[in-house]
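S.K.: To start, I am sharing the structure in question, which I have written as structure tokens.
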Amino acid sequence: MTRAEYENKIKELGIDLEELNIVIGRKTNVPFSTGCYFEGDNWILYNVDERQNFSIIERGNENQIFKFLYMITMGKIGR
69 MTRAEYENKI KELGIDLEEL NIVIGRKTNV PFSTGCYFEG DNWILYNVDE
119 RQNFSIIERG NENQIFKFLY MITMGKIGR
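The number in my numbering is simply the position in the sequence shown, starting from 1, with 68 added.
Next up, the structure:
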């Protein structure tokens, strides 16, 4: 799944990523957030815990990361 496909699917489903603390395209230090950004040759999927500790979950290509992020998003909304 590409970033565009992910964003289109989220829009179709009417999901508010900000409400779920999901960030795309940049790093954040907001507690309990998940996000991804592009650095070097890889997309990086990360998580921020309640103490603002930044943890990398996965590194990979666009399709891998957005497929994983889509599964996380669906889990957060209970689908």
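Glycine is no exception: its CB is placed at the ideal position from the N, C-alpha and C atoms.
This structure is a prediction, so every number in the text was calculated from the model and none was measured.
Quick test of your reading: I112 and R127, contact by CB under 8 angstroms. State the CB separation rounded to the nearest angstrom.
M.R.: Yes, I112 and R127 are in contact; Cβ-Cβ is about 5 angstroms, under 8 angstroms.
S.K.: Roughly how many angstroms separate the alpha carbons of N89 and D109, rounded to a whole number?
M.R.: Cα to Cα, N89 sits roughly 25 angstroms from D109.
S.K.: Rounded to whole angstroms, what is the Cα-Cα separation between G93 and P99?
M.R.: Going by the C-alpha atoms only, they are around 17 angstroms apart.
S.K.: Which word fits I133, buried or exposed, when buried means at least 16 other C-beta atoms lie within 10 angstroms of its C-beta?
M.R.: Buried.
S.K.: How would you write the range of the alpha helix (DSSP H) that L137 sits in, first residue to last?
M.R.: It spans 130 to 145 - the alpha helix (DSSP H) in which L137 sits, taken as one unbroken run.
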